[in-house]
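>
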Amino acid sequence: MRIDFKDRVVLVTGAAAGIGAATARAFAHAGARVLLLDLLEEAGEAEAAALRQRGLAARFRPLDVADEADIGVMVAEVTAAWGGVDVVFSNAGIAGTFTIPQLTGEHWRRVLEVNLSASFYLTKAVTPSMIERGGGSIIITSSVAAEHVAYYSGVHYATTKTALKGFVRHAAFELGRHQIRVNAIGPGPMSNRMYAGGRHEAERLEAMAQNQPLQRPVEPEDIAHAAAFLASPLASAITGVYLPVDGGFLTGRNASQRGYFKVHNEEMGDPDVIRAKAQAATPKPLTD
C-alpha cells in the first residue's frame, strides 16, 4: 500500500543531513509540502532545492530549535503560507563524547535545550494548528540510549533521550482527545553527522556489525520509513509508543562498564586518571 501525504504540511528539524534529510525526502516524495529546518543553511537549502528540482514541494528555513520564540514565528509563517501543520518530525539533536567529570554545565544545558526542550516548544507551537485541522502527528527522535548505555556520548545524551519517552507518553495522553498522535522512534547505532569524524568512529562501526542481529548499521532511510508509517493513516490507532528501529540492537543489551571506559580512555575506578582527564578536557564546540 502506498502512503499518500498529498497536501499535508510537514515540518522536519535537523533536516540538512542524515535522518532529517532522508525523512524530508520521504515525505516530499509521498506528496507532502515539507519545510526543512536546520542551523546548517547551505546544506539545508541544497536539500530543499534538490527536492524542488524534482517537482516536489519543499522549502528551507534556518532554525535554532532551542529558540522558542523563533519556533513560534516559524509556525506562524508556515501557517500563513500553507494553511497549517499536519505532521512534525522533531529530529534535531546534538551529543558530544563526555564522562560526567568532563561534562560542563554549559554543554549539559545546551543538550537539554536542543534534544529535549525543543520537542516541547514545537509541540506547544503546532498544537493549535493541529486542533484546527482536526488532528495531526508528532514524531520525535529518541534513541536506543533511552534503553541502553549511551556508549559514544554520555549521561547528557542518555538523559534527554530517556526523558523524551516520558514526554511522548504524556503528550499522547493529553492531546489524544484532539486526534493528535505523539510517538517516538529510537534509532539504533548508525553512522551520521553527529559522530562523523569522531576518534572512535571506526571502532563504533565495527561494534555495530558485531552487536546488531541484522548485521548491518541502521540507515537514515530506515528511520524515514518508520516516521512516514507513524504519520500515516496506517498508524491511526498508534500513539504514545516508543518504536526502536535498531536492527535488533536492544535484544542483546550487552554493554559493559569496561567497554564504556575504554571508549573514554579511562581506567575504570582510577580516580587519578579521571581527575586528570577532567582537568585536561576541552569541550567540543556546540553545534546543531
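If you read the sequence shown in this note's numbering, its first letter stands for residue 1137, the second for the next number, and so on. C-beta: ideal position from N, C-alpha, C; glycine also. Predicted model, so just to flag it, every value in this text is computed and none were measured.
If we define contact as Cβ-Cβ less than 8 Å, is residue 1225 a contact residue for chain B?
Here there is only one protein chain, and chain B is not present.
> Go ahead and label residue 1358 buried or exposed: buried means 16 or more other beta carbons lie within 10 angstroms of its beta carbon, across all protein chains shown.
With 16 or more other Cβ atoms within 10 Å, it is buried.
> With DSSP run on the structure shown, which of helix, strand or coil describes residue 1240?
In this structure, residue 1240 counts as coil in the three-state DSSP scheme.
> Going by DSSP in three states, residue 1375 sits in which element: helix, strand or coil?
If DSSP states are grouped into helix, strand and coil, residue 1375 belongs with coil.
> In angstroms, rounded to a whole number, what distance separates the CA positions of residue 1198 and residue 1295?
Their Cα atoms are separated by approximately 27 Å.
> Which term fits residue 1384, buried or exposed, when burial requires 16 or more other beta carbons within 10 angstroms of its beta carbon?
Under this definition residue 1384 is an exposed residue.
> Looking only at its own chain, which residues have a Cβ that is under 6 Å from the Cβ of residue 1167, when we skip the five neighbours before and after it?
Result list for residue 1167: 1140, 1141, 1142, in chain order.
> With DSSP as the reference, label residue 1256 as helix, strand or coil.
Helix.
> Going by Cα to Cα distance, which pick from 1371, 1246, 1219 is closest to residue 1318?
For the residues 1371, 1246, 1219, the minimum Cα distance to residue 1318 belongs to 1371.
> Could you tell me which uninterrupted alpha helix (DSSP H) segments, each at least 4 residues in length, are contained entirely in the region 1146-1181, listed from first to last along the chain?
Entirely contained in the region 1146-1181, the alpha helix (DSSP H) runs reaching 4 residues are, in chain order, 1154-1165.
> Using alpha carbons as the reference points, say which of 1153, 1152, 1160, 1145 lies closest to residue 1362.
It is 1160.
> Kindly provide the ranges of any beta strand (DSSP E) runs that are 3 or more residues long and lie completely inside the region 1262-1327, ordered along the chain.
Taking only runs of at least 3 residues, the beta strand (DSSP E) segments lying wholly in the region 1262-1327 are 1272-1277, 1316-1323.
> The alpha helix (DSSP H) spanning residue 1198 covers which residue range?
Residue 1198 -> not in any alpha helix (DSSP H); beta strand (DSSP E) instead, spanning 1194-1198.
> Helix, strand or coil for residue 1349 per DSSP?
Coil.
> Note down, in chain order, each residue of its chain lying with its Cβ closer than 6 Å to the Cβ of residue 1257, except the 5 sequence neighbours on either side.
Answer for residue 1257: 1204, 1207, listed in chain order.
> Taking a contact to mean a Cβ-Cβ separation below 8 Å, would you say residue 1253 touches residue 1276 in this structure?
Cβ distance not < 8 Å, so residue 1253 and residue 1276 don't count as in contact.
> From residue 1186 to residue 1193, what distance separates their C-alpha atoms?
Distance between the alpha carbons of residue 1186 and residue 1193 is about 10 Å.
> Would you call residue 1313 buried or exposed, if buried means 16 or more other Cβ atoms sit within 10 Å of its Cβ?
Its Cβ having fewer than 16 others within 10 Å, residue 1313 is exposed.
> What is the DSSP secondary structure of residue 1381, counted as helix, strand or coil?
Of the three classes helix, strand and coil, the one that applies to residue 1381 here is strand, per DSSP.
> Can you grab the Cα-Cα spacing for the pair residue 1391 / residue 1162, in whole Å?
Residue placement at residue 1391 is poorly supported in this model, since its pLDDT is 49, which falls under 50; the coordinates are not used for a value here.
> By how many angstroms is the C-alpha of residue 1354 removed from the C-alpha of residue 1380?
Cα to Cα, residue 1380 sits roughly 11 Å from residue 1354.
> Leaving aside the five residues before and after residue 1151 along the sequence, list all residues of the same chain whose C-beta is less than 7 Å from its C-beta, in chain order.
Once the five neighbours on either side are set aside, the close Cβ partners of residue 1151 are 1157, 1160, 1172, 1173, 1174, 1180, 1183.
> According to DSSP, simplified to helix, strand and coil, what is residue 1365?
Of the three classes helix, strand and coil, the one that applies to residue 1365 here is helix, per DSSP.
> Are there 16 or more other CB atoms within 10 angstroms of the CB of residue 1348, so buried, or fewer, so exposed?
By the neighbour-count rule (16 or more Cβ atoms within 10 Å), residue 1348 is buried.
> What do you get for residue 1309, buried or exposed, if any count of 16 or more other CB atoms within 10 angstroms of its CB means buried?
Exposed, by the Cβ-count rule.
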